[in-house]
Amino acid sequence: MISRNTVRGARMLGLGAYRPRREVGNAEVCRLLDVDPDWVVARSGIRSRRFAGEDESLVEMSAAAGRDALAAAEVDAASVDVTLVATMSHTQTSPQVATQVAHALGAVNGPAMDVGAACAGFCYCLELAASLIASGTADHVLVVGVERMSDIVDPADRSTAFIFGDGAGAVVVGRSDEPGIGPVAWGADGSQADLIVQQPTWRDAASSDEFPGLRMQGPAVFRWATSRMVPLAQEAMDLAGVKVEQLAAFVPHQANARITDALARALALPEHVVVADNVVDTGNTSAASVPLAMEGLLAAGRAEPGDGALLMGFGAGLTFAAQVVRLPAVLAARDAVA
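The sequence shown: position 169 = 169 (the working numbering), numbered continuously.
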């Protein structure tokens, strides 16, 4: 189904997810925002999200998701050639999250690096992994999307506080006789970098009483996403040689239910194409969004391993990416992520 002119094919072999234990409803989030919980639902579709506890660090959540992905793929950690971690919420410049995740899992026989492409980070890393496999540089690549957005969002900021949540998702990418990850359609638009930005910077925050939180121009982001992402999706399908009616699932970044609905309508998705919509109870988890949404569809039986799906990520930077894939196998949910 998927066309990709490479020496070797690559596909996602297994998927794992970690959702923090603590569920936070709109009533709790709205206490500092002077808005009604129903306003949050109307504006975003979100009813709850998960916030990580002290013992649920970026590394711990990534490692938990990574272990499940490796188990689902039946791949030993020692066979991982490269570890890629997509995240925008790491509050410590050094060391990188990826090196610690690789150590925690025992994936110590190759390089590890963080990729800071925000909400498009997982899709960016998926393309990097597929290219590494295709070139012969690697046989197995672990890709993780992880965020503790609760660390970088000002709880009193009405533009962001109700939107974001925490969590991690991971996939193992490996060799395949048939391509399972289509060519990526991607890009970046730094001319609109101020639409989603951290203010003040960590440096400026040292001499300020203002929280260095993520600020967003919501209406402008909505307009950009609903206009720019539709041609991007079509480009990804064209590159993969796939028609929209051949898809089984659409898994966009879970930014906002209104954005997802608008994209689904604009793409004229047939009725049989299931649309990931776990933003309702997961919130926007940035780089973790797409793998968590994939896991949600598979765990609920709304999609099956091997189904063709269109993935899409977009966010701060502004960064954006989309690719057609075959969905991986998923390990049964653990108690902590139920």
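Backbone N, C-alpha and C define an ideal beta-carbon position, used for all residues, glycine too.
Note that the coordinates shown come from a computational prediction; the quantities given were computed from them, not determined experimentally.
Proximal residues to Gln-192 (C-beta, below 6 Å), its chain only, five neighbours per side dropped: On the sequence shown, position 192 is the one that residue 192 refers to. Around Gln-192: Leu-318.
Beta strand (DSSP E) runs wholly inside the segment 143-196, at least 3 long, in chain order: 166-176, 185-188
At least three beta-carbon pairs within less than 8 Å, the segment 139-150 to the segment 182-196: no
Same chain only: Cβ atoms within 7 Å of Val-197, ignoring 5 sequence neighbours per side: Walking along the sequence shown from the start, residue 197 turns up at place 197. Only Arg-215 meet the Cβ criterion.
Arg-11, DSSP secondary structure in three states: On the sequence shown, position 11 is the one that residue 11 refers to. Correct three-state label for Arg-11: strand.
Every unbroken beta strand (DSSP E) inside the segment 31-117 [3 residues or more]: 48-51, 82-86, 112-115
Three-state class that DSSP yields for Gly-121 in the structure shown: For the purposes of this step, residue 121 is taken as residue 121 along the sequence shown, with counting starting at 1. Three-state DSSP puts Gly-121 in a helix.
Check: Val-101 C-beta below 7 Å from any heavy atom of the ligand FAD: The ligand FAD is not part of this structure, which contains no ligands at all.
According to DSSP, residues forming a beta bridge with Pro-252: Here residue 252 corresponds to residue number 252 of the sequence shown, with the count starting at 1. Paired residue(s): Met-312.
Strand pairing of Val-141, partner residues [DSSP]: By 1-based counting over the sequence shown, the position of residue 141 is 141. Paired residue(s): Val-82, Val-173.
Reference Leu-239; option with closest CA among Leu-310, Ala-248, Trp-202: To locate residue 239, count along the sequence shown from 1; it is residue 239. Measuring from the Cα of Leu-239, the nearest candidate turns out to be Leu-310.
Inter-residue Cα distance where the pair is Pro-305 and Asp-154: Taking the first residue of the sequence shown as 1, we reach residue 305 at position 305. Taking the first residue of the sequence shown as 1, we reach residue 154 at position 154. Distance between the alpha carbons of Pro-305 and Asp-154 is about 38 Å.
Check whether Ala-236 and Val-324 have beta carbons under 8 Å apart: Looking up residue 236 in the sequence shown gives position 236. Looking up residue 324 in the sequence shown gives position 324. Cβ atoms of Ala-236 and Val-324: closer than 8 Å.
Of the residues Asp-68, Ala-117, Gln-96, Ser-48, the one placed nearest Ala-316, counting alpha carbons only: Position 316 of the sequence shown, counted from the start, is the residue given in the question as residue 316. Considering only alpha carbons, the answer is Ala-117.
Rounded straight-line distance, which links the Cα of Ala-86 to that of Arg-302: Looking up residue 302 in the sequence shown gives position 302. Looking up residue 86 in the sequence shown gives position 86. If you take the alpha carbons of Arg-302 and Ala-86, they lie about 26 Å apart.
Proximal residues to Gly-53 (C-beta, below 7 Å), its chain only, five neighbours per side dropped: If you number the sequence shown from 1, residue 53 lands on position 53. Counting only Cβ-Cβ distances below 7 Å, and skipping sequence neighbours, we find Pro-20, Arg-21, Arg-22.
Whether Met-149 touches Ser-286 by CB criterion (8 Å): Looking up residue 149 in the sequence shown gives position 149. Looking up residue 286 in the sequence shown gives position 286. The answer is yes: Cβ separation under 8 Å.
Own chain, CB closer than 6 Å to Cys-30, minus 5 neighbours either side, in chain order: Locating residue 30 in the sequence shown gives position 30, where the first residue counts as 1. Cβ within range, chain order: Pro-37.
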